[in-house]
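These notes are about the structure you will find just below.
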Amino acid sequence: MVAQELKAKLRQKRLSPEDRREQLLACAMMCYADLGVMRAGHGDVAKRANVSTATVFNYFPTRQALTQAVFQEVYNVFDKMFDIFPIRPKYRGSVGFMSAAFEFLVSEHPDVAKVILNWSATFSDEVRPAFLKFQSWVLSGIHTRLDPPRENMSDARIIMASAFQYSRMKLDDMDQEILDRFVERLLTFFEESEN
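Counting from 1, position 186 in the sequence shown corresponds to residue 185 in numbering that gives the first Met the number 0; the numbering is continuous, with no gaps.
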């Protein structure tokens, strides 16, 4: 009974078009995180937002538009990730900074992390090219932040792959001691490779 009353109250609340779009996008992110990039759709978003499917179509007229909006939100969160997070004292150098940034991503935006992980493992012609473009953009972002600068993208690829694995472990509620040891091993690897 309480759930029905809550749904009725949510339905009664009128949102501005901007707020409604933001709400629907947040619900879409949750659906794409829970159901996967290829499975989530307008009906799932509508159910989660407690609105009609037609309402979702008003804001995102096609599945492609909905998916592109979710992917753009991933870009937006990822773009801010490195700039917002300061270097933590327990981490060292640019690799440590990126470790802290990915930890922040998973802790503060777990749905975004889930979407990225699912997106990275989706090989359909519909979404794979978009992921490869995103991956190239992320690798470039990591590469430009490495100190000292590297000649090629190999270290950026190692960091990105490690970040994806760290994200999986964190989302699986791995013990913090194991996560810290994982990051420490990565930092040690880069320190030894610089010498």
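Backbone N, C-alpha and C define an ideal beta-carbon position, used for all residues, glycine too.
Quantities reported herein were computed from a predicted structural model and do not represent experimental measurements.
Option in the options with minimal Cα separation from residue i
i: Arg13; options: Ser161, Phe56, Asn49, Gly92; result: Asn49
i: Val76; options: Thr66, Ala112, Cys30, Gln63; result: Ala112
i: Asp33; options: Leu116, Thr187, Asp146; result: Leu116
i: Phe96; options: Ser161, Arg144, Met173; result: Arg144
i: Asp179; options: Ser98, Tyr74, Asn57, Asp78; result: Ser98
i: Asp18; options: Tyr58, Pro128, Trp136; result: Tyr58
i: Met159; options: Ala100, Met37, Asp82, Thr54; result: Ala100
i: Glu102; options: Val126, Leu170, Ala25, Val55; result: Leu170
i: Asp172; options: Pro147, Ser51, Val105; result: Val105
i: Val55; options: Val73, Lys79, Ala25; result: Ala25
i: Ile141; options: Lys46, Met29, Asp82, Arg20; result: Asp82
i: Leu23; options: Met37, Thr52, Val36, Gly35; result: Thr52
i: Ala120; options: Arg149, Gly35, Glu176; result: Gly35
Local conformation of residue i per DSSP, three classes
i: Pro148; result: coil
i: Ser208; result: Residue 208 lies beyond the range of the chain shown here (0 to 194); nothing can be said about it.
i: Ala155; result: helix
i: Gly140; result: helix
i: Ala120; result: coil
i: Glu125; result: coil
i: Thr187; result: helix
i: Phe181; result: helix
i: Asp110; result: helix
i: Arg38; result: coil
i: Met168; result: helix
i: Asp33; result: helix
i: Pro85; result: Caution applies to Pro85, whose pLDDT of 48 falls short of 50 and renders its modelled position unreliable; the value that the coordinates give is listed next. It is coil, neither helix nor strand.
i: Met173; result: coil
i: Ser192; result: helix
i: Thr66; result: helix
i: Gln134; result: helix
Residue interval of the alpha helix (DSSP H) (run including residue i)
i: Glu102; result: 92-107
i: Asp43; result: 41-48
i: Phe56; result: 52-58
Could you say if the region 109-123 and the region 157-168 meet the contact criterion of at least three C-beta pairs nearer than 8 angstroms? yes
For the 8 angstroms Cβ check, are there 3 or more pairs between the region 146-162 and the region 54-70? no
Three or more C-beta pairs closer than 8 angstroms, one from the region 53-67 and one from the region 34-42: is that the case here? yes
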